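Peer 1: Here it is: the structure, laid out below.
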Amino acid sequence: MTGLFSEVFLSALLFGAVTAAIPLLLAGLGEQMSEKAGVLNIGIEGMMLAGAYLGFVGAFYSGSLWLGFLTGAGGGIAVALVMALLCVRIGLNQIVIGIALTLGLEGLTALLHHFQFSRSYPRLPAVDVTVIPLLSGIPVIGLALFRQHLIVYLAVALVFAMGYIYRRTQLGLNLQAAGDKPAALDVAGIDVARTRTIAVLTTGALAGLGGAFLANVGAGLFIPFITNGAGFLGIVLAMLARGRPVWVLFGALLFGVCLSLTTAMQVAGINIPTDVIQMLPFLAVMIMLVLFGRRASLPAALGIPYERGVR
Amino acid sequence: MSSATSLSVDKRDIVALEGVTKRFPGVVANDSVDLAIRPGEVHVLLGENGAGKSTLIGMLSGLQQPDEGRILVDGEPIAITSPRHALALGIGTVFQHVMLVPTLTVAQNLLLGGPWWQRPKTEELEARVAEITRALGITVKLHAKVSELSLGEQQQVEILRAMVRNSRLLILDESTSMLTPKGIDELGALMRRLVEQGLAIVFITHKLKEAAAFGDRISVLKLGRKVGEIPPERFRALGEQAIVSEIVELMFGKQKDDPEASERPVRTIHAGAAPLLQVHELAVAPTDDAPGLLSISFDIRPGELLGIAGIDGNGQKQLAEALAGQRATVSGSVRLQGTPIEALSVGERRERGLRYLTDDRLGEGTVGTFPVSINFFLKQVGAAPFWRNGVEQRAEIDKRAAQLVREYDVRTPSLKTPVARLSGGNIQKVLLARELAEGAKVVIFNKPTYGLDLANTLASRQRIRNTAARGLAVLLISTDLEELLSMCDRIAVISNGSLVGTVENVGDARSKIGRLMIGLAA
Chain A
1 MTGLFSEVFL SALLFGAVTA AIPLLLAGLG EQMSEKAGVL NIGIEGMMLA GAYLGFVGAF
61 YSGSLWLGFL TGAGGGIAVA LVMALLCVRI GLNQIVIGIA LTLGLEGLTA LLHHFQFSRS
121 YPRLPAVDVT VIPLLSGIPV IGLALFRQHL IVYLAVALVF AMGYIYRRTQ LGLNLQAAGD
181 KPAALDVAGI DVARTRTIAV LTTGALAGLG GAFLANVGAG LFIPFITNGA GFLGIVLAML
241 ARGRPVWVLF GALLFGVCLS LTTAMQVAGI NIPTDVIQML PFLAVMIMLV LFGRRASLPA
301 ALGIPYERGV R
Chain B
1 MSSATSLSVD KRDIVALEGV TKRFPGVVAN DSVDLAIRPG EVHVLLGENG AGKSTLIGML
61 SGLQQPDEGR ILVDGEPIAI TSPRHALALG IGTVFQHVML VPTLTVAQNL LLGGPWWQRP
121 KTEELEARVA EITRALGITV KLHAKVSELS LGEQQQVEIL RAMVRNSRLL ILDESTSMLT
181 PKGIDELGAL MRRLVEQGLA IVFITHKLKE AAAFGDRISV LKLGRKVGEI PPERFRALGE
241 QAIVSEIVEL MFGKQKDDPE ASERPVRTIH AGAAPLLQVH ELAVAPTDDA PGLLSISFDI
301 RPGELLGIAG IDGNGQKQLA EALAGQRATV SGSVRLQGTP IEALSVGERR ERGLRYLTDD
361 RLGEGTVGTF PVSINFFLKQ VGAAPFWRNG VEQRAEIDKR AAQLVREYDV RTPSLKTPVA
421 RLSGGNIQKV LLARELAEGA KVVIFNKPTY GLDLANTLAS RQRIRNTAAR GLAVLLISTD
481 LEELLSMCDR IAVISNGSLV GTVENVGDAR SKIGRLMIGL AA
């Protein structure tokens, strides 16, 4: 027992923060793309749950974590397909459909899990970490940041890939136009629905991957409602990040720290009721919204289905 | 060449319409329209609001499909299925409402539309833009954000976009409606240079003078039908005045030299009568984007029409809002029938008979998604007899609304139609009906005919004259000097937030006002 600022405590806190941040990061990046393109994707919580469940099932039966990530992403895409069909193609209300998808997937994954695993509650083996030479030797930080599963590094790399897409590619231009002025994109000869569908499906893939990470790497098992609002936190992150992927990363890390305080405090032997600590991330959301929410600039056509010829 | 009823297809036509009909629920937007569009010509489509101009453009640009008839491109019948298809056929459209993404730069906007997996070809674009702008003699800030450009600049960008995409036909839909007079002249010159390069231009407008000044060929639309065409040979033979009168003949079926000119009836105002509205030393603090007001003073007597002339943005809107109670004042007094009202709220001022007709008809004047009927009573929400104990009295509202619709000739499919679906002229009628209702004593009109077509402009002016004739005090704010000269008893000139002079509207008022507006003493 060496107190709050011992190396063990900080290291555990940071390691937990990164593990907790990755699903938020993936969800936030995914949501950001949807929102950029003008689709408020409330169904992302459902996509994460689908990803968590199918990701776990995939990894459990195949024994391969990577296959699990693949099935997880596939699960997210499947839910996103429904969302894209209903909200982008048919133009139904995005909020209503999003909530319906989330509630539906909460029920469905809990039910499937109950039938399959309720007696056994199987766990996956601990994940392999990729140790980055030299950097992993740094005290505290090295242990926390540079001894992670490969997918963690890939998720961080994705932040920069997204930044590149938004700023340097045709797709980035099209996405932004779809969200800010879809009619302009339409008369430029680009199918708005297709552009938005690409965004929603990408969101699905990233959210599904985030869910799979949560189950397979974070927890090592699937339990009903495992996402516990991670998708919704992703929505908050995307809104506060003002279209910039790097800010999603910072936000995700901040929330990750809050989330991992629970475990870290137990490691340090400090006893605060866990219920109080579990409130922390949501308290942080409220504080951040109060501080920065006013400056969040959202795309002009966010949440509005595009219909040609309607002003 | 057949001289039969149907249009003979000419090889020179880039695009031809044959008997094109388009119906919407309740209206025939286009009724069997024939049109020939040729390179090297500015083809003006002239018509009032609701004449079917925009629908015609919608079909040419692939946004809508005709119900009957056919569209020929290079002599071949073809269905233009999407905006992308229209672009591929060489038809570029500059829509009435700017179709640029405000958050992107000019270059990024021009690059929109490339295949999504490719990287934007910025260098290629820059070279192409340089080539086009040099030929046209315009400059475009490629790396400025669109939201930072003026509307005129944005329009140039849209024309440029059509050129970058190798359009052979450029459609300009009401492109002058948002421009300053200088911007309009520049657009006219630009169109001339474009047709000289062999482009075909379709120019849509409801302003006769622009049609006569910029066109080579004019087609006149009325209630969805093409009622006449002036071909280039005839166009060249006639003088501008003769063209205008011929168009008026086509549009209204009656001869008039200048439809907007009308004699101001001689009216007598009792000079001795106590002023209905007295404004004394009114001041408003300037804001970031608007000038303030400096010691504004004037009186309006019953039955008097006081005009406020001036170049837009010199404090007109601030004055109207300060009087209506929508904007805080720094000092000064406003008296209605001798009673100070400057401390009263918007609602209390209205209650006492001060009415304000905003120039922002859809933004501030009406709730676009609400039905026409409710919009008549927006400023009485909660008040009897239309609301009782907080409950809407539908029957009462509809009864009174139906009455107002008749009285003010509001052309609406039904009382339940969302007001935003009506044309500008009809929205203005709703506002007029609302503000001139019971108890009005002083009425402020801010740009009452801005953006309206001729028929509605004339109707609105008549309403305003009638208002004054009923013995109300009228303040008419307008940037249209002709309008003020044709209606007002006195005209004050506003410049930079202060009234620089007031002129009796007799004799050489025009030149006096002109001198005041450009900063010389009357």
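Chains as they are written, first to last, in UniProt numbering: chain A, 1 to 311; chain B, 1 to 522.
Note that CB positions come from ideal geometry on N, CA and C, so glycine has one too.
Quantities reported herein were computed from a predicted structural model and do not represent experimental measurements.
1. Can you check DSSP and say which residues form a bridge with Y356 (chain B)?
2. Excluding five sequence neighbours on each side, which residues of the same chain lie with their C-beta closer than 6 Å to the C-beta of L143 (chain A)?
3. With a CB to CB cut of under 6 Å and the five nearest residues on each side skipped, what residues in its chain are close to A468 (chain B)?
4. Contact between the region 190-200 of chain B and the region 217-233 of chain B is defined here as three or more beta-carbon pairs at a separation below 8 Å; is this criterion met?
5. Can you list the residues of chain B that L173 (chain A) reaches, using a CB-CB cut of under 7 Å?
6. Around the Cβ of S43 (chain B), are there at least 16 other Cβ atoms within 10 angstroms (buried) or fewer (exposed)?
7. For W116 (chain B), return the contacting residues in chain C, with the cut-off set at a CB-CB distance below 7 Å.
8. Give me the chain B residues within the contact set of residue 315 (chain A), using Cβ-Cβ distance strictly less than 9 Å, ordered along the chain.
9. Check each residue of the region 55-87 of chain B: if its Cβ is closer than 9 Å to any Cβ of chain A, include it; give the result in chain order.
10. Should K181 (chain A) be flagged as near chain B, meaning a C-beta pair shorter than 8 Å?
11. Mapping the DSSP letters down to three states, classify H206 (chain B) as helix, strand or coil.
12. Would you verify that the beta carbon of A184 (chain A) is, or is not, closer than 8 Å to some beta carbon of chain B?
13. Please classify R308 (chain A): does DSSP put it in a helix, a strand, or coil?
14. Would P77 (chain B) and R84 (chain B) be called neighbours here (beta carbons separated by less than 8 Å)?
15. Taking 8 Å as the threshold, find out whether the region 65-82 of chain A comes into contact with the region 202-217 of chain A through three or more Cβ pairs.
16. Tell me, which residues are paired with E392 (chain B) by DSSP?
17. My guess is that A199 (chain A) and A100 (chain A) are in contact by the Cβ rule of under 8 Å, so how many angstroms apart are they, rounded?
18. Is the region 282-293 of chain A close to the region 44-63 of chain A, with three or more CB pairs under 8 Å?
19. Does V187 (chain A) get closer than 8 Å to chain B when you measure Cβ to Cβ?
20. Anything in chain B within Cβ reach of I190 (chain A), meaning under 8 Å, just list it in chain order.
21. For a contact meaning CB atoms closer than 8 Å, what does L100 (chain B) contact in chain A?
22. With the cut-off set at 8 Å, would you say R89 (chain A) and D186 (chain A) are in Cβ contact?
23. Decide yes or no for the touch test of the region 330-342 of chain B against the region 396-416 of chain B: beta carbon pairs closer than 8 Å, at least 3 of them.
24. Taking all protein chains shown into account, do 16 or more other C-beta atoms lie within 10 angstroms of the C-beta of L13 (chain A), making it buried, or fewer, making it exposed?
25. Answer yes or no: does any C-beta atom of chain A fall closer than 8 Å to that of T93 (chain B)?
26. I want to see whether chain B comes within less than 8 Å of A177 (chain A), judged by CB atoms only; does it?
27. Kindly indicate which three-state DSSP category G332 (chain B) falls into: helix, strand or coil?
28. Could you tell me the distance, in whole angstroms, from the CA atom of T412 (chain B) to the CA atom of A36 (chain B)?
29. Please state if the CB of L240 (chain A) and the CB of A252 (chain A) are separated by a distance shorter than 8 Å.
30. Cβ atoms of Q278 (chain B) and D173 (chain B): under 8 Å apart, would you say?
31. Short check: CB of G425 (chain B) to CB of N466 (chain B), under 8 Å?
32. Can you find the residues in the same chain that come closer than 6 Å, C-beta to C-beta, to L516 (chain B), ignoring five residues on each side of it along the sequence?
33. Under 8 Å between C-beta atoms, does R308 (chain A) make it to chain B?
34. Tell me the DSSP secondary structure of A522 (chain B) in three-state form.
35. Run through the region 164-213 of chain B for me and flag every whole beta strand (DSSP E) of 3 or more residues, listed as ranges in chain order.
36. Taking the DSSP output, what are the residues bridged to residue 564 (chain B)?
Peer 2: Checking against the coordinates, here is how it stands:
1. For this step, residue 356 (chain B) is matched to residue 356 along the second sequence. Partner(s): B:I444.
2. Here the question's residue 143 (chain A) lines up with position 143 in the first sequence. So the qualifying residues of the chain are S11.
3. As a first step, residue 468 (chain B) is located in the second sequence; it is residue number 468 there, counting from the start. Contacts found: G303, L305 and V474.
4. no
5. In the first sequence, the residue the question calls residue 173 (chain A) occupies position 173. Those are L104, Q108, L111, L112 and P120, listed as they occur along chain B.
6. Your numbering for residue 43 (chain B) matches position 43 in the second sequence. In the sequence as displayed, the identity of residue 43 (chain B) is His instead of Ser. H43 (chain B) should be labelled buried.
7. Of the chains in the structure shown, none is chain C; the protein chains are A and B.
8. Chain A is shown from 1 up to 311; residue 315 (chain A) falls before or after that span and cannot be answered.
9. G58, S61, G62, L63, Q64, S82, P83, R84, H85, A86 and L87
10. As a position in the first sequence, residue 181 (chain A) is number 181, starting the count at 1. So, interface residue.
11. For the purposes of this step, residue 206 (chain B) is taken as residue 206 along the second sequence, with counting starting at 1. When DSSP states are grouped into helix, strand and coil, H206 (chain B) belongs to the coil group.
12. Residue mapping note: residue 184 (chain A) aligns to position 184 of the first sequence, counting from 1. True, the Cβ-Cβ gap to chain B drops below 8 Å.
13. Residue mapping note: residue 308 (chain A) aligns to position 308 of the first sequence, counting from 1. Note: R308 (chain A) maps to coil in three-state DSSP.
14. Stepping through the second sequence from its first residue, residue 77 (chain B) is reached at position 77. Stepping through the second sequence from its first residue, residue 84 (chain B) is reached at position 84. No; because the gap between Cβ atoms is not below 8 Å, this pair is not in contact.
15. yes
16. In the second sequence, the residue the question calls residue 392 (chain B) occupies position 392. The partner list for E392 (chain B) (beta bridge, DSSP) reads B:W387.
17. As a position in the first sequence, residue 199 (chain A) is number 199, starting the count at 1. As a position in the first sequence, residue 100 (chain A) is number 100, starting the count at 1. The beta-carbon distance between A199 (chain A) and A100 (chain A), rounded to whole angstroms, is 20 Å. This is too long to meet the 8 Å contact definition.
18. no
19. Counting from one through the first sequence, the residue named residue 187 (chain A) turns up at place 187. At least one chain B Cβ lies under 8 Å of V187 (chain A).
20. Counting from one through the first sequence, the residue named residue 190 (chain A) turns up at place 190. The answer, in chain order, is R84, L112, G113 and W116.
21. Within the second sequence, numbered from 1, the residue matching residue 100 (chain B) stands at position 100. Correct list: K181 and A184.
22. Here residue 89 (chain A) refers to the residue found at position 89 of the first sequence. Here residue 186 (chain A) refers to the residue found at position 186 of the first sequence. No, the Cβ-Cβ distance between R89 (chain A) and D186 (chain A) is not below 8 Å.
23. no
24. Locating residue 13 (chain A) in the first sequence gives position 13, where the first residue counts as 1. L13 (chain A) sits buried, since 16 or more C-beta atoms from the chains shown fall within 10 Å of its C-beta.
25. Working through the second sequence from its first residue, we reach residue 93 (chain B) at position 93. So yes, T93 (chain B) belongs to the interface.
26. In the first sequence, counting from the first residue as 1, residue 177 (chain A) sits at position 177. Cβ-Cβ to chain B under 8 Å: yes for A177 (chain A).
27. The sequence position of residue 332 (chain B) within the second sequence is 332, counting from 1. Strand at G332 (chain B).
28. On the second sequence, position 412 is the one that residue 412 (chain B) refers to. On the second sequence, position 36 is the one that residue 36 (chain B) refers to. Between T412 (chain B) and A36 (chain B), the C-alpha separation is close to 33 Å.
29. Position 252 of the first sequence, counting from 1, holds the residue named residue 252 (chain A). Position 240 of the first sequence, counting from 1, holds the residue named residue 240 (chain A). No, the pair does not count as a contact, with Cβ atoms beyond the cut-off.
30. Residue 173 (chain B) sits at position 173 when you count from the first residue of the second sequence. Residue 278 (chain B) sits at position 278 when you count from the first residue of the second sequence. It is not a contact, given that the beta carbons lie outside the stated cut-off.
31. For this step, residue 425 (chain B) is matched to residue 425 along the second sequence. For this step, residue 466 (chain B) is matched to residue 466 along the second sequence. The answer is no: Cβ separation not under 8 Å.
32. Residue mapping note: residue 516 (chain B) aligns to position 516 of the second sequence, counting from 1. In its chain, beyond the 5 residues on either side, V493, V500, G501 and A522 have a beta carbon closer than 6 Å to the beta carbon of L516 (chain B).
33. If you number the first sequence from 1, residue 308 (chain A) lands on position 308. Yes, its Cβ sits closer than 8 Å to a Cβ of chain B.
34. Against the second sequence, residue 522 (chain B) aligns to sequence position 522. Only weak support is given to the placement of A522 (chain B): the predicted model assigns it a pLDDT of 41, under 50, and the value that follows is read from those uncertain coordinates. If DSSP states are grouped into helix, strand and coil, A522 (chain B) belongs with coil.
35. Taken in chain order, the whole beta strand (DSSP E) runs of length 3 or more contained in the region 164-213 of chain B are 169-173 and 200-205.
36. Since the first and last residues shown for chain B are 1 and 522, residue 564 (chain B) lies out of range.
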